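Q:
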Amino acid sequence: MSGGKSWNGEAFWGVGFEYDPQWLLTEEQQRLQARLIELSATAMRANAEESDKGFVFPRKNFELLAKEGLLGLIVPKSLGGRGESHACAAMVVETIARYGCASTAMCYVMHLSATAALLLHHHRNPKLQDLLRRLDKEVLVGTLSISDPATGSHVWFLLSSSAEREGDGYRLHKKASWTTSGGYADWYVAQTTSPDFKGNYANFSIWLLLADEVKARKGSWNGVGLRGNQSGPMEIDGVVVPPDRLIGPAGDGAGSNDEATDPYFMLGTAACWNGVSMGAIDIVKRHTTRKTHADVGLKVADYPSIQDYVGNALAETNASRALTYQIAQAMDRVTNNNDWSIHEDIAARPRTTLVQWSWQVKYVAAKNVVAVTNDMMSAGGGTAYKPELGLERYWRDGRAGWLMAPTNEVLRLLLGKSALLGFEELDFWNQRANQRLLRSELKKLNPEERKALAEELLAPSA
Numbered sequence: 001m002s003g004g005k006s007w008n009g010e011a012f013w014g015v016g017f018e019y020d021p022q023w024l025l026t027e028e029q030q031r032l033q034a035r036l037i038e039l040s041a042t043a044m045r046a047n048a049e050e051s052d053k054g055f056v057f058p059r060k061n062f063e064l065l066a067k068e069g070l071l072g073l074i075v076p077k078s079l080g081g082r083g084e085s086h087a088c089a090a091m092v093v094e095t096i097a098r099y100g101c102a103s104t105a106m107c108y109v110m111h112l113s114a115t116a117a118l119l120l121h122h123h124r125n126p127k128l129q130d131l132l133r134r135l136d137k138e139v140l141v142g143t144l145s146i147s148d149p150a151t152g153s154h155v156w157f158l159l160s161s162s163a164e165r166e167g168d169g170y171r172l173h174k175k176a177s178w179t180t181s182g183g184y185a186d187w188y189v190a191q192t193t194s195p196d197f198k199g200n201y202a203n204f205s206i207w208l209l210l211a212d213e214v215k216a217r218k219g220s221w222n223g224v225g226l227r228g229n230q231s232g233p234m235e236i237d238g239v240v241v242p243p244d245r246l247i248g249p250a251g252d253g254a255g256s257n258d259e260a261t262d263p264y265f266m267l268g269t270a271a272c273w274n275g276v277s278m279g280a281i282d283i284v285k286r287h288t289t290r291k292t293h294a295d296v297g298l299k300v301a302d303y304p305s306i307q308d309y310v311g312n313a314l315a316e317t318n319a320s321r322a323l324t325y326q327i328a329q330a331m332d333r334v335t336n337n338n339d340w341s342i343h344e345d346i347a348a349r350p351r352t353t354l355v356q357w358s359w360q361v362k363y364v365a366a367k368n369v370v371a372v373t374n375d376m377m378s379a380g381g382g383t384a385y386k387p388e389l390g391l392e393r394y395w396r397d398g399r400a401g402w403l404m405a406p407t408n409e410v411l412r413l414l415l416g417k418s419a420l421l422g423f424e425e426l427d428f429w430n431q432r433a434n435q436r437l438l439r440s441e442l443k444k445l446n447p448e449e450r451k452a453l454a455e456e457l458l459a460p461s462a
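This is how it looks when you write it as structure tokens:
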């Protein structure tokens with residue numbers, strides 16, 4: 001029973017629609033979902049194997065997505081896009097990851113997140129409007145370049161970057177430790193400290209860079225999983241850009257992240273890991289319902305232990321999916337169904353009110369995919385460890401969820417600290433001393449150490 005789900009003209013071999021939240025989707029979105037499953041069956045899944053074996057960027061899959069108008073999924077119809085919702089975006093990412101290719105799904109998440117950054121501030125910028133109109137027609141893949149090699153998972157702290165005035169434009173410098181689609185994307189949304197930085201790392205800005213303006217180690221990615229996503233170091237080395245490449249006002253980096261980039265990244269990455277989890281369950285269903293033990297005459301799926309593995313994985317994954325779609329719907333509700341025209345008022349920041357929920361969505365899905373793929377590998381037995389089954393690729397791909405910044409450890413701390421002490425205690429840019437900790441540490445000093453510290457603090461600056 002596959003609940004009406006088809007695969008290459010036959011009944012789908014995995015879990016059917018009866019375990020998918022179809023009631024959340026419009027009829028048009030359900031048709032899009034069916035089309036993506038069809039594309040996965042005919043091309044995307046095979047392309048995923050190619051990407052995994054040869055570390056190949058999934059350009060072929062992006063060409064397929066562009067033909068369906070999906071590079072402009074969240075772009076308003078007035079600019080030639082589909083004008084779709086957050087919930088639809090989550091469905092598209094999940095579907096690609098589950099049936100097609102997790103590397104494509106993650107690169108697509110970065111594309112959507114970068115597109116959201118443009119959409120937030122496109123209203124007064126013809127350059128951004130022009131790019132948004134051409135995404136599908138020219139298969140223009142975008143990505144984010146945020147991370148800093150000096151600050152790790154604290155991606156909001158841009159130590160290795162700068163921007164300065166250069167005539168009518170700006171000269172940019174940046175080093176990024178991880179850039180998904182690096183060297184393969186056609187355009188980049190990059191972040192640097194602002195031209196009027198003055199030592200305040202909370203003051204950073206967002207820029208549009210084109211492919212020939214960045215230096216990336218193309219083809220250097222050699223990760224355990226997500227082998228097609230080509231994530232690696234990238235540098236912007238003194239490139240001068242015109243003023244219309246500044247996305248929004250200078251200094252709006254943090255606000256733009258909270259309102260556009262982060263919501264789409266957190267929501268999208270959660271949907272990706274939910275898709276990987278469901279995809280692993282699908283493979284185990286196919287394997288265990290076809291494999292028979294001749295000595296007892298039972299399918300592997302007849303064993304209670306296998307049923308227990310799958311039942312738990314399905315319940316936990318659908319709990320994660322439910323949270324993901326619930327927060328997607330919340331974002332749709334506060335934005336009038338993802339209506340970007342509300343941001344003609346530059347002060348409108350409705351998604352920002354849900355930031356703590358987007359953290360939880362990413363955390364839950366990234367945690368779950370590790371547990372589910374572990375259990376599915378056990379349920380699959382020795383065959384699961386052979387690449388021919390396809391399960392071990394899902395197991396490897398799923399490991400990236402926990403590690404992608406903000407890592408799950410960082411998210412736990414942000415959630416716990418904000419819940420216990422308030423959001424004002426989240427000192428992202430080290431601007432406030434923790435007086436309780438400071439006084440506690442000072443008590444540990446003996447009189448001589450206190451005197452030495454006082455003299456050091458009162459000494460004139462060199």
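Under the UniProt record's numbering, residues 1 to 462 are what the sequence shown spells out, in order. Cβ coordinates follow ideal geometry from the N, Cα and C atoms, glycine included. These numbers were taken from a predicted model, which means no experiment stands behind them.
1) Count Cβ pairs between the segment 356-372 and the segment 22-32 that sit closer than 8 Å; are there 3 or more?
2) Mind listing, in chain order, the continuous alpha helix (DSSP H) runs of no fewer than 4 residues lying wholly within the segment 99-140?
3) Does the contact criterion of 3 or more C-beta pairs under 8 Å hold for the segment 318-333 versus the segment 252-268?
4) If you reduce the DSSP assignment to three classes, tell me which class residue 17 lands in.
5) Assuming residue 306 is part of the alpha helix (DSSP H), what are its boundary residues?
6) For residue 317 and residue 363, what's the separation of their Cα atoms in angstroms?
7) Tell me whether the segment 108-117 and the segment 55-74 touch, counting them as touching only if at least three CB pairs, one residue from each stretch, are closer than 8 Å.
8) For residue 309, tell me which candidate among 319, 297, 281 and 334 has the shortest Cα-Cα distance.
9) By alpha-carbon positions, which one of 148, 104, 71 and 166 ends up nearest to residue 132?
10) If you draw a straight line from the C-alpha of residue 96 to the C-alpha of residue 248, how long is it?
11) Do three or more CB pairs link the segment 131-146 to the segment 70-87 at distances below 8 Å?
12) DSSP beta-bridge partners for residue 362?
13) What does the Cβ neighbour count give for residue 421, buried or exposed, with the cut at 16 atoms within 10 Å?
14) With respect to the beta strand (DSSP E) encompassing residue 239, which residues constitute its N-terminal and C-terminal limits?
15) Reducing DSSP to helix, strand and coil, say where residue 191 ends up.
16) Residue 218 to residue 90, Cα distance in whole Å?
17) Please name the residue or residues paired with residue 170 in a DSSP beta bridge.
18) Can you tell me the Cα-Cα spacing of residue 69 and residue 180, whole angstroms?
19) DSSP three-state label for residue 414, please.
20) Taking only the alpha-carbon atoms, compute the straight-line gap between residue 65 and residue 313 and give it to the nearest angstrom.
21) In terms of residue numbering, what span does the alpha helix (DSSP H) encompassing residue 277 cover?
22) To the nearest angstrom, how far is it from the Cα of residue 224 to the Cα of residue 212?
23) Whole-angstrom Cβ separation of residue 121 and residue 129, contact assumed at under 8 Å?
24) Alpha carbon to alpha carbon, how far is residue 98 from residue 153?
25) Which partner residues does residue 142 have in the DSSP bridge list?
26) In this structure, what does DSSP give as the bridge partners for residue 293?
27) Confirm, please, whether the CB-CB distance from residue 187 to residue 142 is below 8 Å.
28) Please return the same chain residues whose Cβ sits closer than 6 Å to the Cβ of residue 270, not counting the five positions on each side in sequence.
29) Please list the terminal residues of the continuous alpha helix (DSSP H) segment that includes residue 453.
30) Residues bridged to residue 10 by DSSP?
31) Using CA coordinates, which residue listed in 376, 146 and 84 is at the minimum distance from residue 405?
32) Bridge partners of residue 205, per DSSP?
33) Residues in its own chain within less than 6 Å of residue 273 by CB, not counting five upstream and five downstream?
34) Tell me the start and end of each unbroken alpha helix (DSSP H) in the segment 379-407 that is at least 4 residues and wholly inside, in chain order.
35) Between which two residues does the alpha helix (DSSP H) containing residue 62 stretch?
36) Enumerate in chain order the residues of its own chain whose CB-to-CB distance from residue 176 is below 6 Å, with the five nearest sequence positions on each side excluded.
A: With the structure as the only source:
1) no
2) 102-120 and 126-134
3) yes
4) Translated into positions along the sequence shown, residue 17 becomes position 17. Residue state, collapsed to three classes: helix.
5) Position 306 of the sequence shown, counted from the first residue, corresponds to residue 306. Per DSSP, residue 306 belongs to the alpha helix (DSSP H) from 304-334.
6) As a first step, residue 317 is located in the sequence shown; it is residue number 317 there, counting from the start. As a first step, residue 363 is located in the sequence shown; it is residue number 363 there, counting from the start. One C-alpha to the other measures close to 13 Å.
7) yes
8) Numbered from 1 along the sequence shown, position 309 holds the residue referred to as residue 309. Minimum Cα distance to residue 309 is reached at 281.
9) Along the sequence shown, one-based indexing puts residue 132 at 132. Selected option, being the one with the closest Cα: 71.
10) As a working note, residue 96 is residue 96 in the sequence shown. As a working note, residue 248 is residue 248 in the sequence shown. For residue 96 and residue 248, the distance between alpha carbons rounds to 31 Å.
11) yes
12) The sequence position of residue 362 within the sequence shown is 362, counting from 1. For residue 362, which the question treats as bridged, DSSP gives no partner whatsoever.
13) Locating residue 421 in the sequence shown gives position 421, counting from the first residue. When all chains shown are included, residue 421 counts as exposed.
14) As a working note, residue 239 is residue 239 in the sequence shown. Note, residue 239: beta strand (DSSP E), 232-241.
15) The residue given as residue 191 occupies position 191 in the sequence shown. Residue 191: strand per DSSP, three-state reduction.
16) Taking the first residue of the sequence shown as position 1, residue 218 is located at position 218. Taking the first residue of the sequence shown as position 1, residue 90 is located at position 90. Looking at the two C-alpha atoms, the distance is approximately 29 Å.
17) As a first step, residue 170 must be located in the sequence shown, where it is residue number 170. Answer is 165 and 241, bridged to residue 170.
18) The residue you call residue 69 lines up with position 69 of the sequence shown. The residue you call residue 180 lines up with position 180 of the sequence shown. Straight-line Cα distance between these residues: approximately 22 Å.
19) Residue 414 sits at position 414 when you count from the first residue of the sequence shown. Looking at residue 414 - three-state DSSP - the assignment turns out to be helix.
20) As a position in the sequence shown, residue 65 is number 65, starting the count at 1. As a position in the sequence shown, residue 313 is number 313, starting the count at 1. Using only the alpha carbons, I get a separation of about 29 Å.
21) Taking the sequence shown and counting its residues from 1, one reaches residue 277 at position 277. Element bounds for residue 277: 262-290.
22) Here the question's residue 224 lines up with position 224 in the sequence shown. Here the question's residue 212 lines up with position 212 in the sequence shown. Answer to the nearest angstrom: the Cα atoms are 29 Å apart.
23) The residue you call residue 121 lines up with position 121 of the sequence shown. The residue you call residue 129 lines up with position 129 of the sequence shown. Going by Cβ atoms, the distance from residue 121 to residue 129 rounds to 11 Å, so no, they are not a contact pair.
24) Locating residue 98 in the sequence shown gives position 98, where the first residue counts as 1. Locating residue 153 in the sequence shown gives position 153, where the first residue counts as 1. Cα to Cα, the separation comes out at about 27 Å.
25) Within the sequence shown, the letter at position 142 stands for residue 142. Looking at the DSSP assignment, residue 142 forms a beta bridge with 187.
26) For the purposes of this step, residue 293 is identified with residue 293 of the sequence shown, where counting begins at 1. Answer is 298, bridged to residue 293.
27) Numbered from 1 along the sequence shown, position 142 holds the residue referred to as residue 142. Numbered from 1 along the sequence shown, position 187 holds the residue referred to as residue 187. For residue 142 and residue 187, yes; Cβs fall inside 8 Å.
28) In the sequence shown, counting from the first residue as 1, residue 270 sits at position 270. So the qualifying residues of the chain are 324, 361, 362 and 365.
29) As a working note, residue 453 is residue 453 in the sequence shown. Element bounds for residue 453: 447-458.
30) Looking up residue 10 in the sequence shown gives position 10. Partner(s): 7.
31) Residue mapping note: residue 405 aligns to position 405 of the sequence shown, counting from 1. Minimum Cα distance to residue 405 is reached at 146.
32) Reading the sequence shown from its first residue, position 205 is the one you call residue 205. Paired residues: 192.
33) Within the sequence shown, the letter at position 273 stands for residue 273. Excluding residues within five positions, the ones whose Cβ falls inside 6 Å are 365, 366, 369 and 401.
34) 391-398 and 400-403
35) Counted from its first residue, the sequence shown places residue 62 at position 62. Segment 59-67, the alpha helix (DSSP H) holding residue 62.
36) If you number the sequence shown from 1, residue 176 lands on position 176. So the qualifying residues of the chain are 145, 147 and 234.
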